[in-house]
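S.K.: Provided herewith is a single structure, encoded as structure tokens, for subsequent inquiry.
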Amino acid sequence: MCGIVGYIGEKQAAPILLDGLSKLEYRGYDSAGIAVYDGEQIHLTKSKGRLKVLGELTHDGETMPGTLGIGHTRWATHGEPSDANAHPHMNRDKSIAVVHNGIIENYLKLKKRLIDKGYEFMSDTDTEVVAHLLDRYYDGNPLAAIIKVMHRMEGSYALGIVFKDHPDQLFAVRKDSPLIVGHTQGGNIIASDVPAVLKYTRDVYFMENEEVVCIRRDSLEFYNVDEEQIEKEPVHIDWDVDAAEKGGYEHFMLKEMYEQPKAITDTISPRIKGRDIVIEELGMTDEEIRQIGKIMIVACGSAYHAGVTGKYVLEGMAKIPVEVDLASEFRYRDPLLDEKTLVIIISQSGETADSLAALRESKERGAKVLGIVNVIGSSIAREADNVMYTWAGPEIAVATTKAYSCQLIALYLLAMKFAAARGTVTEKEMDAYIDDLKRIPDQVEMLLNNKNRIQKFANRYLAAIDVFFIGRGVDYAISLEGSLKLKEISYIHSEAYAAGELKHGTISLIEDGTLVVAVLTQEKLYKKMLSNMVEVRTRGAFVLAVTNEGNDEVERAADYVIYVPRTNSYFANSLAIVPLQLFGYYIAVGKGCDVDKPRNLAKSVTVE
Ligand code: M6R
């Protein structure tokens, strides 16, 4: 985790570093720091707590003059959040400063050797090892020292490095942690992610594994680990600058929920041509699609929940067997894959460590890998055999909303494409699916416009201790996501259950007033769901139902009903999720929680 930035140019570095870090706080926010070189000394300010504290300490950067610097916002892995463990870290004579995102896996071994050689450590971090190793290998040539250190380190890293001896150079390197370089008029900037540089440039270089960049005020030189200079092409980023800012909304999460209609439209539009689904980036002929023997969907968190929906839709429409796995389990469980297996890795960030490892494992085992990814040029996007982008734009709030919604859409599109190639749906059915798909953005918009009703209901449940979400079929999949949305931002314990499973144990937790959120959008499962709702209600539960318009009979089994527009049974999750997102959001707001940056979490989970 963690976010890094660096700047070298004609302007003052500190305000640019603080601004860049503010766009990366989603990557971690338990401490922050900057190091700025004024031509004589490398000055360091760092502190436990949010970036705001660092801004106050430095008077928004004014107290740290200099046009070269690096900055860091931390999500602790080694060592508690503290001033001492905050980055940057420096070598003993304060002539080298380092910021790091990732984990140096062999740091204990390296640390022991460095201590034996007389180095003293000021922090508990793995990163400090890098500063001392650079000190040990530096003999006037920074590039050679960095490459030597790279050979000694195991694990993942994106590093920004400043050497006192080289006031005109900023160095950066990456392995398995993201890093981009932006070229601007009068200066250059490095960052862990695009939103940090968008204000200054749209032309960015995506660093590949084991590449080093030497950045001067007006030039960039890229090297491989053999110290050979390499050529790289910039990628133009089309994102709106506003898209990475709050734009008048109270929270990024709310803004991102409101961006769902557009994000969904953007994800659908390029893939519907007339009455056909065209996914050029799939890289598979119809014959190859017919040869698929099994699909394995692998992901973490909400992306995994999208995958659970995907299983129902792909199996139902395209009649291909689908397994869904948590990436952290998949990578260590000796999965059975062959060349007829299509592995689909779903990830918003494209940097989730377990998902990336699962991707590599799958490729090694001979499977074809398709990435469904939101962040352009991210590791998963680059390493997958093919990538289908969700066009959600930058997502800043830790709790995903619009990226999740676009993942669902991408899975529907795939299912439709596969069904067409395999002849498992009729033309008439396909036409109806296409029409339903095109209607989703407006239906989502309508649900968002009804937010007041959900807000009112949420305010009644601010003191809830336990909440249960139940559903069957795809409604079970959406229950998983609804439950995660609530708990991750409001800190209210909640669990999702397949409704038929409750009576096998969990129903004993239902008592007077327990809130049960029942999702029932599946026509063929209504009756079963109604029975499950009655079961919990007779044991004292307060039942909030989310169901399709027109299902008035649900009111007899529920205490409060939220209606969603009708669509086909496969796409229902795209609509049912909206009230559940709003419910989690308004509970968290009502409780005064830090909605966009919930405790203990980070947006991009680059540790396993
Ligand atoms: O970037 P990814 O989609 O790979 O991230 C996966 C999960 O870490 C992510 O969905 C997480 O569960 C979010 N906090 C959910 O809101």
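Taking the numbering used here, the leading residue of the sequence shown gets 1, the next gets one more, and so forth.
Don't be surprised by glycine CBs; every beta carbon is placed ideally from N, CA and C.
Could you spell out where the alpha helix (DSSP H) holding GLU639 opens and where it closes?
M.R.: Not covered by the structure: residue 639. The range shown for the chain is 1 to 608.
S.K.: Alpha carbon to alpha carbon, how far is PHE222 from GLU228?
M.R.: Taking the sequence shown and counting its residues from 1, the one referred to as residue 222 is at position 222. Taking the sequence shown and counting its residues from 1, the one referred to as residue 228 is at position 228. Cα-Cα distance, rounded: 8 Å.
S.K.: Relative to the ligand M6R, is the shortest distance from any of its heavy atoms to the C-beta of VAL343 smaller than 6 Å?
M.R.: The residue you call residue 343 lines up with position 343 of the sequence shown. No, since every heavy atom of the ligand M6R falls outside the 6 Å radius drawn around the Cβ of VAL343.
S.K.: In the DSSP assignment, what residue or residues form a beta bridge with ASP276?
M.R.: Here residue 276 is taken as the residue at index 276 of the sequence shown, counted from 1. LYS273.
S.K.: Between ILE70 and LEU54, how many whole angstroms is the CB-CB distance? I'm expecting something under 8 Å.
M.R.: Looking up residue 70 in the sequence shown gives position 70. Looking up residue 54 in the sequence shown gives position 54. With a Cβ gap of about 13 Å, ILE70 and LEU54 do not count as contacting.
S.K.: Quick check on the DSSP output: what are the complete alpha helix (DSSP H) runs of length 4 or more inside the segment 335–408, in order along the chain?
M.R.: Complete alpha helix (DSSP H) runs here, min 4: 353–364 and 379–383.
S.K.: Mind checking whether the beta-carbon of CYS2 lies closer than 6 Å to any heavy atom of the ligand M6R?
M.R.: By 1-based counting over the sequence shown, the position of residue 2 is 2. Not under cutoff, so the answer is no.
S.K.: From SER362 to LYS368, what distance separates their C-alpha atoms?
M.R.: If you number the sequence shown from 1, residue 362 lands on position 362. If you number the sequence shown from 1, residue 368 lands on position 368. If I take the Cα positions, the gap works out to 8 Å.
S.K.: Name the DSSP bridge partner or partners of CYS214?
M.R.: For the purposes of this step, residue 214 is taken as the residue at position 214 of the sequence shown. Note: CYS214 sits in a beta bridge opposite PHE171 and GLU221.
S.K.: Taking the runs of the alpha helix (DSSP H) that are 4 residues or longer, which of them lie wholly in the segment 522–547?
M.R.: For the segment 522–547, whole alpha helix (DSSP H) runs of length 4 or above, ordered along the chain, are 526–537.
S.K.: Would the beta-carbon of GLY61 be found less than 6 Å away from any heavy atom of the ligand M6R?
M.R.: Numbered from 1 along the sequence shown, position 61 holds the residue referred to as residue 61. No - the ligand M6R has no heavy atom lying nearer than 6 Å to the Cβ of GLY61.
S.K.: If distances are taken between C-alpha atoms only, which option among ILE295, PRO261, ILE4 and ALA403 comes closest to TYR29?
M.R.: Here residue 29 refers to the residue found at position 29 of the sequence shown. Comparing Cα positions, the closest option is ILE4.
S.K.: For TYR312 versus LEU326, is the C-beta spacing smaller than 7 Å?
M.R.: Residue numbering aside, residue 312 sits at position 312 when the sequence shown is read from its first letter. Residue numbering aside, residue 326 sits at position 326 when the sequence shown is read from its first letter. Their beta carbons are not under 7 Å apart, which means TYR312 does not touch LEU326 by this criterion.
S.K.: Return the chain-ordered ranges of every beta strand (DSSP E) run that is complete within the segment 406–461 and spans a minimum of 3 residues.
M.R.: Runs of the beta strand (DSSP E) inside the segment 406–461: none found.
S.K.: Using alpha carbons as the reference points, say which of ARG539, TYR332, ILE292 and ASP334 lies closest to ALA318.
M.R.: On the sequence shown, residue 318 is found 318 positions in, with the first residue counted as 1. Ranking ARG539, TYR332, ILE292 and ASP334 by Cα distance to ALA318 puts ILE292 first.
S.K.: For the ligand M6R, any of its heavy atoms closer than 6 Å to the Cβ of ALA303?
M.R.: As a first step, residue 303 must be located in the sequence shown, where it is residue number 303. ALA303: yes, Cβ under 6 Å from the ligand M6R.
S.K.: Looking at the structure shown, is PHE469 part of a helix, part of a strand, or coil, going by DSSP?
M.R.: Taking the sequence shown and counting its residues from 1, one reaches residue 469 at position 469. Looking at PHE469 - three-state DSSP - the assignment turns out to be strand.
S.K.: Let's test the definition: count the other Cβ atoms within 10 Å of the Cβ of GLY540 and tell me whether it reaches 16, buried, or not, exposed.
M.R.: For the purposes of this step, residue 540 is taken as the residue at position 540 of the sequence shown. GLY540 should be labelled exposed.
S.K.: If you measure from the CB of VAL369, is any heavy atom of the ligand M6R nearer than 6 Å?
M.R.: On the sequence shown, residue 369 is found 369 positions in, with the first residue counted as 1. Incorrect: VAL369 has no Cβ contact closer than 6 Å to the ligand M6R.
S.K.: I need the straight-line Cα distance from ARG614 to ASP203, nearest angstrom please.
M.R.: Since the first residue of the chain shown is 1 and the last is 608, residue 614 is not available in this structure.
S.K.: State yes or no: is the C-beta of PRO65 within less than 7 Å of the C-beta of ASP38?
M.R.: Start at 1 with the first residue of the sequence shown, and residue 65 comes out as number 65. Start at 1 with the first residue of the sequence shown, and residue 38 comes out as number 38. Cβ atoms of PRO65 and ASP38: closer than 7 Å.
S.K.: Going by the beta-carbon positions, is the gap between ASP338 and GLY366 smaller than 7 Å?
M.R.: The sequence position of residue 338 within the sequence shown is 338, counting from 1. The sequence position of residue 366 within the sequence shown is 366, counting from 1. Their beta carbons are under 7 Å apart, which means ASP338 touches GLY366 by this criterion.
S.K.: In angstroms with no decimal places, state the Cα-to-Cα distance between ARG174 and GLU211.
M.R.: Here residue 174 refers to the residue found at position 174 when the sequence shown is read from its first residue. Here residue 211 refers to the residue found at position 211 when the sequence shown is read from its first residue. Using only the alpha carbons, I get a separation of about 6 Å.
S.K.: Residues in the same chain with beta-carbon distance under 7 Å from ARG290, minus the five sequence neighbours each way, listed in chain order, please.
M.R.: The count along the sequence shown starts at 1 and reaches residue 290 at position 290. Cβ neighbours of ARG290 beyond the five flanking positions: ALA421 and ARG422.
S.K.: Answer yes or no: the CB of ALA196 versus the heavy atoms of the ligand M6R, is any distance below 6 Å?
M.R.: Against the sequence shown, residue 196 aligns to sequence position 196. No, the Cβ of ALA196 stays beyond 6 Å of every heavy atom of the ligand M6R.
S.K.: Reducing DSSP to helix, strand and coil, say where LEU601 ends up.
M.R.: Translated into the one-based positions of the sequence shown, residue 601 becomes position 601. Coil at LEU601, not helix or strand.
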